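Have a look at the structure below before the remarks.
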Amino acid sequence: MKHRFSIGLLGLVIVAIFASASLDWLRSWGRAALRPAQPIAHAVIKTRGFFQTLRAINSLQAQLSAAQVAQVQALADVIRLSEELNQAQRITAELATVPVESRDQYLAARVSGRSPLGLFNELTLTAGSRDGVVPEQPVLKSGFVVGIIRSVDADSSVVQLLTSPQSLIPVILQQSRGQGLLRGGLDGLVVSDLPIDSQPQVGEAVLTSSLGNRLQADLPVGQVGSLLSHDSEILQRVSLVSPVRFDTLEEVLILIGGQS
44 MKHRFSIGLL
54 GLVIVAIFAS
64 ASLDWLRSWG
74 RAALRPAQPI
84 AHAVIKTRGF
94 FQTLRAINSL
104 QAQLSAAQVA
114 QVQALADVIR
124 LSEELNQAQR
134 ITAELATVPV
144 ESRDQYLAAR
154 VSGRSPLGLF
164 NELTLTAGSR
174 DGVVPEQPVL
184 KSGFVVGIIR
194 SVDADSSVVQ
204 LLTSPQSLIP
214 VILQQSRGQG
224 LLRGGLDGLV
234 VSDLPIDSQP
244 QVGEAVLTSS
254 LGNRLQADLP
264 VGQVGSLLSH
274 DSEILQRVSL
284 VSPVRFDTLE
294 EVLILIGGQS
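The letter at position 7 of the sequence shown is residue 50 when you use this note's numbering, and the numbering goes up by one with no holes.
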């Protein structure tokens, strides 16, 4: 009995050894069979990782682009608001040159256009007939006349500067009281047709005259710069100096009130 049990136990051990050897062989065969597919599997894993990384990069770029756009828009808003504030301050400074009691007679306007190369010495303003602007109204800068409204549309107007060769306005010298005509042109601003008995003085103020009822009287225009006439001339001429730079005008005042 014991002998048979020993033989059976030995048989089980032998079967187990062969089974284990068979499993090892199967494992080795399986690994060998799958070995050619391993690079493909690794490539698939790497490809998935590449596309995931690419999607992450694209998402990050989109976020950065949106942030950059928002930053640029914010910067543009700051610049725009800063310029609007500067314009408001310049207009306030312009109105400060006008007596408080007559400020309601003046209209502030911005320069929106200039004649090509300054050949025509004209400016386009952002105020028109809807704002009460009509032709022949004087335009001032820093309290000094710089031109006359030439034409008007509903929302804009054109001012002819004093420097234009076509400009001609009546003026009076404040101290000597000589009245003449202020002309523009290549020779600069010149007051001509002053009476021979007038005695113009260098530095005296020059004001608008109501002669011909074209302009409101006593608006500052500039000062006498030099005497131009010769002894042989019947009428006198003087140069006029304006404190205003006509080529840098940005905001002006239009006198829309009636003549006094």
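Here a beta-carbon is modelled for each residue, glycine too, at the ideal position from N, C-alpha and C.
A quick note: this is a predicted structure, and the numbers were derived from the prediction, not measured.
Within 7 Å, strictly: CB atoms of residue i and residue j
i	j	result
S200	G171	yes
L237	G223	yes
A260	S272	no
L258	P178	no
L225	I212	yes
Cβ neighbour criterion (16 or more within 10 Å) applied to residue i
i	result
E165	buried
P208	exposed
S275	exposed
R288	exposed
Q266	buried
A139	exposed
V23	Past the edges of the chain, shown from 44 to 303, lies residue 23, and the structure says nothing about it.
L69	Since pLDDT at L69 reaches only 48, below the 50 mark, its modelled position is unreliable, and no value is offered.
Alpha-carbon to alpha-carbon, residue j and residue i
i	j	result
S285	L124	32 Å
A110	L229	55 Å
T135	A99	54 Å
L298	Q244	29 Å
Q104	E137	49 Å
Q279	R153	37 Å
Q130	V295	11 Å
I122	Q132	15 Å
A119	S282	46 Å
I215	G246	14 Å
Q106	Q116	15 Å
S210	R146	26 Å
N256	G300	14 Å
T206	V112	46 Å
R193	S241	31 Å
A248	Q114	53 Å
S158	L262	25 Å
E293	L97	52 Å
R173	I191	18 Å
Proximity to residue i [Cα-Cα], best of the options
i	options	result
T291	V189, A260, L237	V189
D198	F187, T167, L254, V112	T167
I277	I239, P263, Q203, G221	I239
P142	S185, S158, D174, T169	S185
G221	S235, L150, L211, S210	S235
L250	E144, L183, V112	L183
Q217	Q148, E126, V264, D196	V264
Y149	E126, V176, S219, G268	V176
Beta carbon proximity, residue i to chain D, threshold 7 Å
i	result
V284	Annotation note: the requested chain D is absent from the structure, which comprises a single protein chain.
Endpoints, the beta strand (DSSP E) within which residue i is located
i	result
T251	248–251
E294	294–298
S172	First-last for S172: undefined, no H or E at that position.
R220	R220 -> no beta strand (DSSP E), and no H or E assigned at all.
L204	200–204
E276	No beta strand (DSSP E) contains E276, which DSSP labels as neither H nor E.
D236	233–237
Check: residue i C-beta below 6 Å from any heavy atom of the ligand ZN
i	result
D290	Here there are no bound small molecules, and the ligand ZN is not part of this structure.
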